[in-house]
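Presented below is the structure to which this report refers.
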Amino acid sequence: MRDVAVVSFAQLPNTRSQDTRNEVEMLMPVISEAIEGSGIPRKEIGFTVSGSCDYLVGAPFSFVTGLDAVGAWPPIQESHVEMDGAWALYEAWVRLQHGDVDSALVYSFGKSSLGPLRDILVLQLDPYCAAPLWPDSVSVAALQARAWLESGHDESEMADVAARSRRDAKTNPMAQLSGDGDPGTLLKEPYLVSPLRRHDCPPLSDGAAAVILAAGDLARQVSERPAWIRGLDHRIEAHGLGVRELTTSPSTALAGRKAGAADVDVAELHAPFTHQELILREALGLGPQVTVNPSGGALAANAMMVAGLTRIGEAASRIMDGSAGRTLGHATSGPCLQQNLVCVMEAG
Amino acid sequence: MAQTCAVVGIGQTKYSATRGDVSMPGLLREAATRALEDAGSGWADIDAVVIGKAPDMFEGVMMPELSLADALGAVGKPMMRVHTAGSVGGSTALVAASLVQAGIHRRVLTVAYEKQSESDAMWALSRPLPFAPPTLAGAGGYFAPLIRAYIRRSNAPDHVGILVGVKDRENALRNPYAHLHLEDISFEKVAESPMLWDPIRYLETCPSSDGACAMVLTDEAGGNASPTPPAWIHGTAMRSEPTMFAGRDAVNPRAGRDCVADLYGQAGITEPRRQIDMAEIYVPFSWYEPMWMENLGFAPDGEGWKMTDDGSTSFQGDLPINPSGGVLSSNPIGASGMIRFAEAALQVRGQAGEHQVDGARLALGHAYGGGSQFFAMWLVGAAKP
Chain A
102 MRDVAVVSFA QLPNTRSQDT RNEVEMLMPV ISEAIEGSGI PRKEIGFTVS
152 GSCDYLVGAP FSFVTGLDAV GAWPPIQESH VEMDGAWALY EAWVRLQHGD
202 VDSALVYSFG KSSLGPLRDI LVLQLDPYCA APLWPDSVSV AALQARAWLE
252 SGHDESEMAD VAARSRRDAK TNPMAQLSGD GDPGTLLKEP YLVSPLRRHD
302 CPPLSDGAAA VILAAGDLAR QVSERPAWIR GLDHRIEAHG LGVRELTTSP
352 STALAGRKAG AADVDVAELH APFTHQELIL REALGLGPQV TVNPSGGALA
402 ANAMMVAGLT RIGEAASRIM DGSAGRTLGH ATSGPCLQQN LVCVMEAG
Chain B
4 MAQTCAVVGI GQTKYSATRG DVSMPGLLRE AATRALEDAG SGWADIDAVV
54 IGKAPDMFEG VMMPELSLAD ALGAVGKPMM RVHTAGSVGG STALVAASLV
104 QAGIHRRVLT VAYEKQSESD AMWALSRPLP FAPPTLAGAG GYFAPLIRAY
154 IRRSNAPDHV GILVGVKDRE NALRNPYAHL HLEDISFEKV AESPMLWDPI
204 RYLETCPSSD GACAMVLTDE AGGNASPTPP AWIHGTAMRS EPTMFAGRDA
254 VNPRAGRDCV ADLYGQAGIT EPRRQIDMAE IYVPFSWYEP MWMENLGFAP
304 DGEGWKMTDD GSTSFQGDLP INPSGGVLSS NPIGASGMIR FAEAALQVRG
354 QAGEHQVDGA RLALGHAYGG GSQFFAMWLV GAAKP
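Listed in order, the protein sequences are those of chains A and B. With this note's numbering applied, the first sequence covers 102 to 449. With this note's numbering applied, the second sequence covers 4 to 388.
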């Protein structure tokens with residue numbers, strides 16, 4: 102395998118709504134910041150790939166207009182996954198292994214504000230049996246949370262995650278939600294969908310993010326401390342909620358094993374719901390010594406299709422800023438942690 | 004450096020207006036099962052799955068890879084979903100190939116599909132984007148002005164589009180998987196069909212199809228061990244350019260020219276018309292055959308129509324184009340690009356049956372999408388590169 106590193110990361114501040122700003126207007130500042138931060142001239146970026154989802158906009162081909170933000174002239178080598186940008190980063194990493202391309206721009210965007218997200222996400226479910234029943238995304242997560250609690254856990258563990266995430270988000274200027282609520286107070290809040298309270302659920306966010314990858318000598322040349330990707334893997338599980346064990350995440354465990362997810366200092370986990378962070382920690386074998394989601398994670402900002410790529414960007418940033426030596430970025434897709442990606446990065 | 008990659012399994016469904024007998028997972032599984040059988044593989048031999056389709060809105064299922072994971076044997080494996088507009092079938096194959104070429108996986112299953120009968124693609128294609136100028140005219144409305152510009156520029160005679168409509172439908176009669184089997188196709192019949200988007204007539208337009216196409220891709224050792232002749236990949240390329248840019252030539256797009264130049268460079272092609280034996284290219288409206296002949300370097304600018312007119316692109320011609328019947332005869336949109344790639348591979352494997360081109364050793368698979376702005380291509384050969 103060729104050495105490939107994250108050398109630059111930029112994101113839009115997460116907000117409840119970007120109002121009338123379209124994809125191009127959201128992406129242009131982020132893409133420019135990531136490219137300028139990498140020191141690689143825009144015209145020399147070898148490959149471009151993005152992640153987004155048409156259903157957030159409610160119109161097909163939303164990535165096509167997004168491409169206009171890249172300045173794709175003369176024509177570029179470019180691709181798109183209808184998935185979280187973390188999978189776009191995976192495609193870029195694969196492409197960089199060929200040897201003829203040394204750098205890549207990865208970007209993603211999502212406007213959750215354009216429609217009723219809880220209902221829109223129902224359309225992810227099996228269209229013949231599950232979707233016609235319209236179980237919304239929070240209710241589906243609540244089923245998982247209930248199963249997890251009944252496997253021997255306590256709601257106070259969930260409240261601890263919420264309180265810590267909001268507290269950590271106070272130092273992240275890109276976060277949407279932050280605060281000092283203590284777990285005891287949080288547990289007195291009413292249920293949104295039992296057993297989930299509002300703070301157990303992610304905010305609805307609009308956002309965009311961009312990452313620059315560089316290989317070998319180019320990475321060393323443009324970055325003093327690149328975040329070298331030491332392992333990158335993703336796995337999917339069965340779709341039906343009745344045919345999988347919702348209290349564990351075997352696909353995360355397998356992807357983590359393949360990516361070498363041991364001995365990390367920091368882990369940025371894409372856990373939109375509090376109980377999911379705890380399931381993921383266990384699947385990855387993260388002990389109490391690992392700092393989890395210092396950015397506040399998806400409980401502080403959860404732009405669809407962006408939050409996973411942001412986790413990798415945040416984990417890479419901890420290496421690039423010198424505060425960690427080995428980190429992990431994780432992304433999830435689908436209902437109840439169906440599909441998971443793990444990216445392990447290292448300094449030096 | 005990129006590893007050698009080969010196509011060792013191909014599976015297609017019978018394309019038709021409505022496959023009411025199968026669900027979407029059933030449709031994909033049918034193509035995937037046939038590709039695995041062709042490759043002499045089982046589900047357990049597959050390391051990763053890459054799927055592609057056109058926009059989710061075409062069927063109303065968001066991120067369908069999630070609910071398709073079980074049917075494609077992907078549980079416990081990596082699975083990805085590519086979406087690059089009309090070129091998606093080609094791009095999906097290229098992403099799958101890159102997993103082998105990068106040395107990450109040894110055997111990858113790739114599937115592309117569309118089940119248009121569970122949808123209304125014309126509606127989905129006409130949805131306005133917020134804050135963007137709406138076209139509201141479907142694909143034909145978008146491409147008709149570009150075709151008129153081509154005719155004006157090249158002085159092509161009016162009947163060229165009709166010839167393509169007849170040729171591809173005649174070719175489809177040799178392909179059991181083709182959607183349209185128009186036994187009584189004729190020049191008059193195409194010429195007299197209703198004008199939809201001037202100058203595009205009804206019978207110069209692709210149908211709306213259900214269908215899936217699958218391939219098994221493997222590394223050099225896997226290609227060597229294949230029980231049937233593999234198609235070896237000699238080159239892969241993709242290029243994109245913006246939609247909104249006054250400097251672009253949408254009739255003969257630079258992204259297509261750059262893409263094919265990259266491809267020919269990888270494979271050492273200096274005289275494409277002589278060195279390449281046949282091509283499956285993306286022709287959703289008849290006039291795109293002569294237009295792409297120029298874009299792909301088979302004909303000088305302004306002279307692509309002459310290849311159609313003198314029969315060079317016919318089944319018996321010196322450069323047969325779309326012997327399968329092409330997109331004009333079967334158009335499960337998301338799969339259409341992959342079908343071009345798979346048909347090119349079938350030809351160099353000598354397995355195209357009734358529509359086999361004699362002596363096809365090197366073949367081009369081509370796909371395009373968006374406003375003629377996304378391109379994906381591969382060159383496959385009977386011999387190892």
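All C-beta atoms in this analysis are idealised placements derived from N, C-alpha and C, irrespective of residue type, glycine included.
Put simply, the backbone Cα of residue 365 of chain A is about 51 Å away from that of residue 141 of chain B.
Annotation: the segment 90-133 of chain B contains the following complete segments of the alpha helix (DSSP H) (minimum length 4 residues), in chain order: 91-104, 124-128. When rounded, the separation of the alpha-carbon atoms in residue 381 of chain A and residue 316 of chain A is 30 Å. When the five nearest sequence neighbours on each side are left out, the beta carbons in the same chain lying within less than 6 Å of the beta carbon of residue 93 of chain B are those of 340, 344, 370, 379, in order along the chain. In the DSSP assignment, residue 387 of chain A falls outside any alpha helix (DSSP H) and carries neither an H nor an E.
Residue 411 of chain A counts as buried, since at least 16 other C-beta atoms from the protein chains shown sit within 10 angstroms of its C-beta. For the 9 Å CB-CB criterion, residue 352 of chain B and residue 385 of chain B form a contact.
Within chain B, no residue has its CB atom less than 7 Å from the CB of residue 431 of chain A, the nearest being about 15 Å off. Counting along the chain, the unbroken alpha helix (DSSP H) around residue 278 of chain B starts and ends at 275-278. Residues of the segment 215-231 of chain A with a C-beta atom less than 9 Å from some C-beta of chain B are 215, 221, 222, 223, 224, 225, 226, 227, 228, 229, 231, listed in chain order. Residue pairing for residue 149 of chain A: DSSP places it in a beta bridge opposite A:179, A:206. Listed in chain order, the positions of the segment 200-223 of chain B with a beta carbon within less than 8 Å of a beta carbon of chain A would be empty, since no residue qualifies. Contact annotation: the segment 75-89 of chain B touches the segment 50-58 of chain B, with at least three C-beta pairs closer than 8 Å.
Boundaries for residue 338 of chain A: no alpha helix (DSSP H) harbours it, and the DSSP string shows neither H nor E there. When DSSP states are grouped into helix, strand and coil, residue 308 of chain B belongs to the helix group. By the 16-neighbour rule on beta-carbons within 10 angstroms, residue 322 of chain A is exposed. Taking 9 Å as the cut-off, the beta carbon of residue 263 of chain A is found closer than this to the beta carbon of residue 284 of chain A. By the CB criterion at 9 Å, residue 33 of chain B and residue 14 of chain B fall inside the cutoff. Put simply, the CB of residue 50 of chain B is far from chain A, with every gap to its CB atoms at 9 Å or more.
The secondary-structure analysis by DSSP pairs residue 324 of chain B across a beta bridge with B:282.
A Cβ-Cβ separation of about 5 Å places residue 215 of chain B in contact with residue 16 of chain B under the 8 Å criterion. For secondary structure counted as the alpha helix (DSSP H) over 4 or more consecutive residues, the segment 338-383 of chain A holds these complete runs in sequence order: 351-360. Interface with chain B (9 Å Cβ-Cβ cutoff): residue 342 of chain A is excluded.
Residue 166 of chain A has a beta carbon lying within less than 9 Å of a beta carbon in chain B. Our two residues, residue 131 of chain A and residue 174 of chain A, have alpha carbons roughly 19 Å apart in a direct line.
Among the residues facing chain A, residue 195 of chain B is not included, as its CB has no counterpart in that chain under 9 Å away. Residue 431 of chain A and residue 352 of chain A have their C-alpha atoms roughly 12 Å apart. For residue 188 of chain B, no alpha helix (DSSP H) run applies, since DSSP gives it neither H nor E. Burial state of residue 408 of chain A is buried, judged by a 10 Å Cβ sphere holding 16 or more other Cβ atoms. Chain A places no beta carbon closer than 9 Å to that of residue 11 of chain B, leaving this residue out of the contacts.
For residue 279 of chain B, no chain A residue has a C-beta closer than 9 Å to its own C-beta; the minimum C-beta separation is roughly 22 Å. By the CB criterion at 9 Å, residue 350 of chain B and residue 280 of chain B fall inside the cutoff.
Residue 112 of chain A: not part of any alpha helix (DSSP H); member of the beta strand (DSSP E) spanning 105-112, first to last residue.
Listed by position along chain A, the residues whose Cβ is nearer than 7 Å to that of residue 247 of chain B are 169. For residue 444 of chain A, the nearest beta carbon of chain B is not closer than 9 Å to its own beta carbon.
Interface with chain A (9 Å Cβ-Cβ cutoff): residue 68 of chain B is included.
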